[in-house]
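Participant: Got a structure here, written out as structure tokens. Questions coming.
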Amino acid sequence: MLRHRLGKSSCSLLPEAGSLSGMTADRALPLLRSPNPVEASIGLAALNALVDEGEAGESSNDDLVEMLGITPKDRVGMVGDIMPLLRMIRDHAGHCVVFDEGKNEEKGITSTDLEGEELPGCSVVLLSATTLLNGTFDDVLSMASGAREICVIGPSAPLLPDIFRERGVTLLSGRRFTDADRLLRIVSEAGGTRCFGPVSVKVNIRLRK
1 MLRHRLGKSS CSLLPEAGSL SGMTADRALP LLRSPNPVEA SIGLAALNAL VDEGEAGESS
61 NDDLVEMLGI TPKDRVGMVG DIMPLLRMIR DHAGHCVVFD EGKNEEKGIT STDLEGEELP
121 GCSVVLLSAT TLLNGTFDDV LSMASGAREI CVIGPSAPLL PDIFRERGVT LLSGRRFTDA
181 DRLLRIVSEA GGTRCFGPVS VKVNIRLRK
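Its first residue numbered 1, the sequence shown is counted upward by one per residue in UniProt numbering.
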């Protein structure tokens, strides 16, 4: 949730709480540009709700590591600690460097201050969709421009191939949700990504080879 960006002085994450339900899309979408990651997540949720699944084109639920063609020759950069995918990548890649601004002090996590030094040397880069919420997406993408594979991943990743293809992204890896009512119940009861399996299917969309 990027709680570390919200400060410690307030008990309220959103002062507008209580007035958001029923907000129209034209009011919700601009929130994606908000510096407040919780507000930005509302904008991203609105965008995802409006995505026409037919626009995504062909998709696959094949193994992501295989689709990325990761081998011991690859140096992989991961922006956002994405478990358990990280374990599988480390089993295949020659080297893997992980950045996560909320875990900068944790073992195995490289400081985000070093992204500019490390990412240009990576052949495969995976960006968590969280980078769309914390304002780092464009910067990270520019650092990864030399990678042969750039993958945007996460259940909140908008399945909009044309937009990401224009930015140099080669693969989208997200989810299609199959039971909106049950998903809403899971989220309202503080369920996270690991609880989404029964109400969604994994979707990988190849943008270019």
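Where is the CB? At the ideal position from N, CA and C, for every residue including glycine.
Who pairs with I153 in a beta bridge, going by DSSP?
Facilitator: Per DSSP, S128, S173.
Participant: So is S21 buried or exposed if we call it buried at 16+ other beta carbons inside 10 Å?
Facilitator: The residue in question, S21, is exposed, as its Cβ has fewer than 16 Cβ neighbours within 10 Å.
Participant: DSSP three-state call for N204: helix, strand or coil?
Facilitator: In this structure, N204 counts as strand in the three-state DSSP scheme.
Participant: Pairing CB atoms from the segment 66 to 80 with CB atoms from the segment 91 to 109, are three or more of them under 8 Å?
Facilitator: Enough Cβ pairs lie closer than 8 Å, so yes.
Participant: Pull up the CB-CB distance for M88 and G116, whole angstroms please, since I reckon it's below 8 Å.
Facilitator: At roughly 27 Å, the Cβ-Cβ gap does not stay under 8 Å, so M88 and G116 are not in contact.
Participant: Have a look at I42 and P35 and give me their C-alpha separation to the nearest angstrom.
Facilitator: If you take the alpha carbons of I42 and P35, they lie about 12 Å apart.
Participant: Straight-line CA distance for F196 to E118?
Facilitator: Answer to the nearest angstrom: the Cα atoms are 32 Å apart.
Participant: Using three-state DSSP, classify residue 223 as helix, strand or coil.
Facilitator: With the chain covering 1 to 209 only, the question about residue 223 has no answer from this structure.
Participant: May I ask which residues mark the beginning and end of the alpha helix (DSSP H) holding V97?
Facilitator: Looking at the DSSP string, V97 is not in any alpha helix (DSSP H); the run it does join, the beta strand (DSSP E), is 95 to 99.
Participant: Quick one: which unbroken alpha helix (DSSP H) runs of 4-plus residues sit fully inside the UniProt domain "DUF4213" (14 to 50)? Chain order, please.
Facilitator: The qualifying runs are 25 to 28, 37 to 50.
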